[in-house]
Structure formats: C-alpha cells, structure tokens
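Colleague: Dropping a structure here in structure tokens format, bear with me for questions.
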Amino acid sequence: MSMRVLILDLKDDPKLIERYEAHHAAAAVPVDIVRSIRSAGIEGMEIYRSGNRLVMLMRTGANFDPVAKAAADRASPAVQAATGAECRRPGG
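Residue numbering for the sequence shown is 501 to 592, as defined by our numbering.
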C-alpha cells in the first residue's frame, strides 16, 4: 500500500463549494463514484479543505495508476457531474 497526496482547488464560488460539500458529505457520495475509486485501486481516502483548497490523502494498492485514473475520471459522466464544475488544478 502507498500513500499519495492530491491537491486541487475548488473554484472560488461559495455556491459551488457548498455543492461540492453536499456531494461529499457522509453517506452522500454516489455509488458510481465509490465504485470508480475502489476499482482504480484507491483503498481509502481522506479529504481536507481550507478555503477553496482541497488536500486528498489516498491509500492506494499496487494496481493504482494515477494517469489511468485521471483519464477515467475525465471520461466519466458520473465523476464530471459530481466534481467537474467545482474543481480545478491549483494555479489553473
């Protein structure tokens, strides 16, 4: 198992941040998203937020490929619906 860190910024819009938090509240994460996370080899994830900055700590298995996961997320309507409007890379 490896520990990886992903840093993202939410768009600096209170309504989008509120939407993001609602989608990621306990027991609110859609089944498709959980399935995508698990099938990619992410065994556990903790998300921390300060302002609009997100820090995700991910425990990943040996089969985790971050490039493949990013491509799968970009191609997934479910992932884009859950996060596409709210997130951007830092500095982007």
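Glycine is no exception: its CB is placed at the ideal position from the N, C-alpha and C atoms. Fair warning: this is a prediction, and the values are worked out from it, not measured in the lab.
Using only the alpha-carbon positions, how far apart do residue 534 and residue 545 sit?
Modeller: C-alpha separation (whole angstroms): 11 Å.
Colleague: On the CB-based measure, 16 or more other CB atoms within 10 Å of its CB, does residue 558 come out buried or exposed?
Modeller: By the 10 Å Cβ count, residue 558 comes out buried.
Colleague: With distance defined between alpha-carbon atoms, name the residue in 529, 576, 518, 530 nearest to residue 551.
Modeller: The option with the nearest alpha carbon to residue 551 is 518.
Colleague: In this structure, how does DSSP classify residue 576 when only helix, strand and coil are distinguished?
Modeller: Of the three classes helix, strand and coil, the one that applies to residue 576 here is coil, per DSSP.
Colleague: So residue 532 is in the alpha helix (DSSP H); what residue range does that whole segment cover?
Modeller: Run containing residue 532: 531 to 539, per the alpha helix (DSSP H) assignment.
Colleague: Label residue 515 either buried or exposed according to how many other C-beta atoms from any shown protein chain fall within 10 Å of its C-beta, with 16 as the threshold for buried.
Modeller: Residue 515 should be labelled exposed.
Colleague: What is the C-beta distance between residue 536 and residue 579, in whole angstroms, given that I count them as a contact (C-beta under 8 Å)?
Modeller: Their Cβ separation, rounded to whole angstroms, is 6 Å, which keeps residue 536 and residue 579 in contact under 8 Å.
Colleague: What distance in whole Å lies between the Cβ atoms of residue 561 and residue 503, which are believed to be in contact at a cut-off of 8 Å?
Modeller: Between residue 561 and residue 503 the Cβ distance is about 12 Å, and since that is not below 8 Å, they are no contact.
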